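2 protein chains.
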Amino acid sequence: MAVTRWVDGLRSAGVAAGIKPSGALDVGLLVAERPLTWAGAFTRNPAAAECVNWNRAALGRRARALVVNSGNANACTGSAGRNTVEATAAATAGLIGCRVDEVLVCSTGPIGVPLDARLIETALPSAACSLGAEVEDFSRSLLTTDTFPKVSTSSASGASVIGVAKGAAMIAPNMATMLAFLGTDADVSSDDLRAAVDWAVDRSFNRLCVDGCESTNDSVLVLATGNGPKLGPQELRDGLLEVCSDLALKMARDAEGATKLVRVRIEGARSETHAVELGRAVARSDLWRAAAHGADPNWGRVLAAVGAVDRGLVVGTTSVAIDDELLFAKGEPCGLLAVAAAAMSGDEFTVTVTLDQGDAVAEVLTADLSEEYVTLNAEVTT
Amino acid sequence: MAVTRWVDGLRSAGVAAGIKPSGALDVGLLVAERPLTWAGAFTRNPAAAECVNWNRAALGRRARALVVNSGNANACTGSAGRNTVEATAAATAGLIGCRVDEVLVCSTGPIGVPLDARLIETALPSAACSLGAEVEDFSRSLLTTDTFPKVSTSSASGASVIGVAKGAAMIAPNMATMLAFLGTDADVSSDDLRAAVDWAVDRSFNRLCVDGCESTNDSVLVLATGNGPKLGPQELRDGLLEVCSDLALKMARDAEGATKLVRVRIEGARSETHAVELGRAVARSDLWRAAAHGADPNWGRVLAAVGAVDRGLVVGTTSVAIDDELLFAKGEPCGLLAVAAAAMSGDEFTVTVTLDQGDAVAEVLTADLSEEYVTLNAEVTT
Numbered sequence: 000m001a002v003t004r005w006v007d008g009l010r011s012a013g014v015a016a017g018i019k020p021s022g023a024l025d026v027g028l029l030v031a032e033r034p035l036t037w038a039g040a041f042t043r044n045p046a047a048a049e050c051v052n053w054n055r056a057a058l059g060r061r062a063r064a065l066v067v068n069s070g071n072a073n074a075c076t077g078s079a080g081r082n083t084v085e086a087t088a089a090a091t092a093g094l095i096g097c098r099v100d101e102v103l104v105c106s107t108g109p110i111g112v113p114l115d116a117r118l119i120e121t122a123l124p125s126a127a128c129s130l131g132a133e134v135e136d137f138s139r140s141l142l143t144t145d146t147f148p149k150v151s152t153s154s155a156s157g158a159s160v161i162g163v164a165k166g167a168a169m170i171a172p173n174m175a176t177m178l179a180f181l182g183t184d185a186d187v188s189s190d191d192l193r194a195a196v197d198w199a200v201d202r203s204f205n206r207l208c209v210d211g212c213e214s215t216n217d218s219v220l221v222l223a224t225g226n227g228p229k230l231g232p233q234e235l236r237d238g239l240l241e242v243c244s245d246l247a248l249k250m251a252r253d254a255e256g257a258t259k260l261v262r263v264r265i266e267g268a269r270s271e272t273h274a275v276e277l278g279r280a281v282a283r284s285d286l287w288r289a290a291a292h293g294a295d296p297n298w299g300r301v302l303a304a305v306g307a308v309d310r311g312l313v314v315g316t317t318s319v320a321i322d323d324e325l326l327f328a329k330g331e332p333c334g335l336l337a338v339a340a341a342a343m344s345g346d347e348f349t350v351t352v353t354l355d356q357g358d359a360v361a362e363v364l365t366a367d368l369s370e371e372y373v374t375l376n377a378e379v380t381t
Numbered sequence: 000m001a002v003t004r005w006v007d008g009l010r011s012a013g014v015a016a017g018i019k020p021s022g023a024l025d026v027g028l029l030v031a032e033r034p035l036t037w038a039g040a041f042t043r044n045p046a047a048a049e050c051v052n053w054n055r056a057a058l059g060r061r062a063r064a065l066v067v068n069s070g071n072a073n074a075c076t077g078s079a080g081r082n083t084v085e086a087t088a089a090a091t092a093g094l095i096g097c098r099v100d101e102v103l104v105c106s107t108g109p110i111g112v113p114l115d116a117r118l119i120e121t122a123l124p125s126a127a128c129s130l131g132a133e134v135e136d137f138s139r140s141l142l143t144t145d146t147f148p149k150v151s152t153s154s155a156s157g158a159s160v161i162g163v164a165k166g167a168a169m170i171a172p173n174m175a176t177m178l179a180f181l182g183t184d185a186d187v188s189s190d191d192l193r194a195a196v197d198w199a200v201d202r203s204f205n206r207l208c209v210d211g212c213e214s215t216n217d218s219v220l221v222l223a224t225g226n227g228p229k230l231g232p233q234e235l236r237d238g239l240l241e242v243c244s245d246l247a248l249k250m251a252r253d254a255e256g257a258t259k260l261v262r263v264r265i266e267g268a269r270s271e272t273h274a275v276e277l278g279r280a281v282a283r284s285d286l287w288r289a290a291a292h293g294a295d296p297n298w299g300r301v302l303a304a305v306g307a308v309d310r311g312l313v314v315g316t317t318s319v320a321i322d323d324e325l326l327f328a329k330g331e332p333c334g335l336l337a338v339a340a341a342a343m344s345g346d347e348f349t350v351t352v353t354l355d356q357g358d359a360v361a362e363v364l365t366a367d368l369s370e371e372y373v374t375l376n377a378e379v380t381t
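Chains as they are written, first to last, in numbering that gives the first Met the number 0: chain U, 0 to 381; chain L, 0 to 381.
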């Protein structure tokens with residue numbers, strides 16, 4: 000992994016606190032040199048983890064630090080879970096010298112398992128001592144079943160954006176199940192930042208749908224130091240979208256058990272919202288994703304998935320193609336299945352459904368469903 | 000398999016027409032001694048197979064015969080598919096001496112593959128010669144990846160109901176992906192029969208949700224000979240429900256790759272409709288179904304699945320139990336995971352989610368998600 004650094008004014012560290020039995024890095028600390036503007040997007044699941052509630056309550060205030068742990072979601076853990084979040088924030092605030100309510104807290108891992116706050120408290124001093132500009136250890140400390148850290152950067156009108164993320168399983172829109180932390184040196188208002196985060200998340204992480212399962216801890220947090228150039232609202236959105244889209248792509252490539260990236264493209268839809276809805280329907284079809292795994296151009300499963308959501312679908316004016324090979328058009332099968340199968344045998348392909356309803360287009364990312372996904376998720380984790 | 004017979008007035012046969020490469024039975028014929036009252040429920044997918052459109056057009060008329068083939072769904076096959084349905088109905092009408100529009104036609108198998116009508120036409124004479132009262136060959140002729148034929152019977156106020164079904168993959172509500180054919184000797188009106196079919200299907204097949212994928216050929220057809228006792232509307236409903244529920248249970252047990260039956264029970268819901276909706280959300284969670292496969296009592300995945308659909312869920316007044324072991328209550332984990340894991344290690348268990356919204360209850364059936372499901376559905380079928 001190339002050396003990647005945070006924007007000026009942010010430093011991070013990643014340490015092993017013993018939450019993961021493997022002894023791998025499992026606590027990350029991100030610190031700003033002064034309280035700064037931030038915005039976030041969170042899971043809409045009412046079974047949200049306590050840390051999500053904590054961060055939501057902090058929206059609108061400035062932030063100095065972020066603590067994240069992997070190996071335990073601290074979700075559905077009741078009052079003990081709330082105490083752990085508060086203790087973690089308090090310990091961090093004491094170490095770096097800020098207010099408790101300037102500390103953001105995130106967790107990822109199995110749901111419903113008590114998380115011992117002392118593990119994090121004990122590890123935090125060494126994290127604080129090893130803070131640096133490089134993102135690598137921090138990015139590794141987020142990982143659960145991810146096989147590689149996910150880091151992306153962009154520059155927008157002279158401002159930098161850098162983001163790190165973890166994905167893997169429980170990947171569904173609103174949000175894709177994941178954590179992502181972005182930093183930018185852009186000088187932006189709190190309102191512009193909030194609107195830009197929602198806009199970019201909707202067009203990136205919310206167009207990723209792997210197993211259709213929604214999680215309790217999904218969070219995207221964006222911190223803006225203001226040390227760099229002033230950005231207009233659209234420049235900021237574009238900069239965030241570039242990083243979020245690339246992180247979403249990396250998450251799809253590294254989905255649990257995935258061997259290939261599948262782009263589901265809907266064209267000719269009556270609206271972008273409808274196109275996204277249909278794309279998600281195909282993306283979450285177990286049957287289609289299993290066919291993708293076997294490089295089987297079973298386009299009927301794509302049509303069935305679209306028809307399950309769009310009851311007004313007119314099959315006679317709908318077409319299905321895999322990469323450039325048209326397999327169904329004008330109500331009839333066509334094309335060469337062998338050509339489509341060859342396209343599907345690589346590590347990435349696109350299935351395109353073209354409707355005759357309008358001119359809206361959307362692309363949703365997914366991955367194939369493999370035996371390994373089942374094996375990974377059938378393991379006893381609790 | 001015990002010898003099971005149709006009600007008086009119905010006879011069937013099953014023959015091998017060469018549609019399945021294995022040479023197994025793949026064409027079934029069901030014949031009534033005279034035109035009789037029938038009703039049906041069909042997939043709502045607009046990519047419905049031509050045979051579904053054919054049968055829908057026949058609703059309200061009387062029927063004399065039903066031809067079904069497995070090994071090819073004849074769906075999304077365009078004008079050639081329409082011609083095959085018409086040719087099949089015409090050949091059957093000629094053989095048994097009835098009108099073409101008194102013949103119902105069903106198909107099941109891969110989508111989008113041309114089906115040669117001559118294979119069926121050639122096989123029909125031997126089917127007509129071997130018509131008998133026993134259901135066995137007919138029930139076997141429906142099967143695709145099913146591992147056993149599914150037959151159920153009930154008696155309601157002196158009338159008999161008998162049904163045969165095939166299930167396996169693409170199992171989702173509206174309809175569960177499947178074919179089911181029921182015969183009864185009850186003397187009922189066409190209107191009562193139609194209402195009873197919808198009522199019973201809604202409470203049986205539509206409460207089965209295995210992979211969440213909807214198919215193009217799902218059909219339940221019920222034929223009433225009228226040779227038996229007169230039934231009131233509720234007696235008829237109860238008789239059909241008993242058979243449909245048992246067939247749905249057998250379909251869940253025989254879902255592709257399934258090793259265990261999982262009952263998802265929602266209690267304390269504000270309405271039965273809402274309870275069914277939440278039950279389906281849990282039933283179609285890949286993560287939960289994979290945990291079921293591994294006998295992992297990962298109840299957090301159940302809560303996350305419910306919360307993904309019920310945005311007003313109050314976690315603090317929701318509980319989750321596996322069989323009798325309460326694992327989450329009043330916002331806190333509780334109970335013994337080892338006890339729950341032991342319950343999940345058998346071939347059947349119940350996960351119960353209890354809400355505090357009302358007193359409605361519903362149960363949805365599903366099965367575990369295994370590596371074998373993926374293997375079966377990753378195979379190139381076209």
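Think of the CB as a built atom: it goes at the ideal place given N, C-alpha and C, for glycine as much as any other residue.
The structure presented is a predicted model; accordingly, all values stated were derived computationally and were not measured.
Asked: Under 7 Å by beta carbon: chain U residues contacting N44 of chain L; Found: A303, G306 and A307
Asked: Assigned exposure category for V313 of chain U - 16 Cβ within 10 Å defines buried; Found: exposed
Asked: is_contact[I18 of chain L, chain U] using C-beta, thresh 7 Å; Found: no
Asked: Simplified DSSP state of C128 of chain U, which is helix, strand or coil; Found: helix
Asked: Burial state of S24 of chain U (16 or more Cβ within 10 Å); Found: At residue 24 of chain U the sequence reads Leu, which differs from the Ser that was named. Buried, by the Cβ-count rule.
Asked: Chain C within 7 Å of S344 of chain U, Cβ atoms only; Found: This model lacks chain C altogether; the protein chains it does include are U and L.
Asked: S151 of chain L classed as buried or exposed, judged by whether at least 16 other C-beta atoms fall within 10 angstroms; Found: buried
Asked: Interface residues of the stretch 21-51 of chain U facing chain L [CB-CB below 9 Å]; Found: T42, R43, N44, P45, A46 and A47
Asked: Contact set between the stretch 188-203 of chain U and chain L, restricted to residues whose Cβ is under 9 Å from the partner; Found: none
Asked: Span of the alpha helix (DSSP H) around L235 of chain U; Found: P232 to R252
Asked: Where E331 of chain U meets chain L, residues with beta-carbon distance less than 8 Å; Found: T76, G77, S78 and A79
Asked: Counterpart residues of I18 of chain U in DSSP-defined beta bridges; Found: Per DSSP, none; premise fails for I18 of chain U.
Asked: I110 of chain L at chain U interface by Cβ criterion, 7 Å; Found: yes
Asked: C-beta atoms of V2 of chain L and V14 of chain L nearer than 7 Å; Found: no
Asked: Beta-carbon spacing of D136 of chain L, S159 of chain L below 7 Å; Found: no
Asked: A175 of chain L versus C208 of chain L - alpha carbon distance; Found: Confidence at A175 of chain L is low in this model, with a pLDDT of 41, below 50, so the placement of that residue is unreliable and no value is reported for it.
Asked: Rounded C-alpha distance that separates A303 of chain L from E271 of chain U; Found: 27 Å
Asked: Reference P228 of chain U, options U:A194, U:D322 and U:S154, closest by Cα; Found: U:S154
Asked: C-alpha gap between G225 of chain U and D309 of chain L, whole angstroms; Found: 39 Å
Asked: For W37 of chain U and D191 of chain U, the rounded distance between their alpha carbons; Found: 10 Å
Asked: Environment of P172 of chain L [buried if 16+ CB atoms lie within 10 Å]; Found: Only weak support exists for where P172 of chain L lies, its pLDDT of 40 falling under 50; the value from the coordinates is given anyway. When all chains shown are included, P172 of chain L counts as buried.
Asked: R269 of chain U vs Q356 of chain U beta-carbon contact at 7 Å; Found: yes
Asked: Candidates U:A56, U:N71 and U:E32: closest to V383 of chain U by CA position; Found: This structure cannot speak to residue 383 of chain U, because chain U is shown only from 0 to 381.
Asked: Selection of the stretch 363-377 of chain U by Cβ proximity to chain L, strictly under 9 Å; Found: D367, L368, S369, E370, E371, Y372, V373, T374, L375, N376 and A377
Asked: Identity of the residues DSSP links to P332 of chain U by a beta bridge; Found: U:F327
Asked: Chain L within 7 Å of E213 of chain U, Cβ atoms only; Found: yes
Asked: Classification of C128 of chain L by the beta-carbon crowding that lies within 10 angstroms, buried from 16 upward; Found: exposed
Asked: Min CB distance D253 of chain U to chain L below 7 Å; Found: no
Asked: Beta-carbon neighbours of A290 of chain L, restricted to chain U and to distances below 7 Å; Found: N376 and A377
Asked: Heavy atom of the ligand MN within 6 Å of G22 of chain U beta-carbon; Found: In terms of ligand content, the structure shown is empty, and the ligand MN therefore cannot be addressed.
Asked: Spatial distance of K19 of chain U from E213 of chain U (CA atoms); Found: 23 Å
Asked: Unbroken stretches of the alpha helix (DSSP H), 4 residues or longer, contained in the stretch 260-285 of chain L; Found: 271-282
Asked: Pair within 7 Å by beta-carbon distance, A342 of chain L and D322 of chain L; Found: yes
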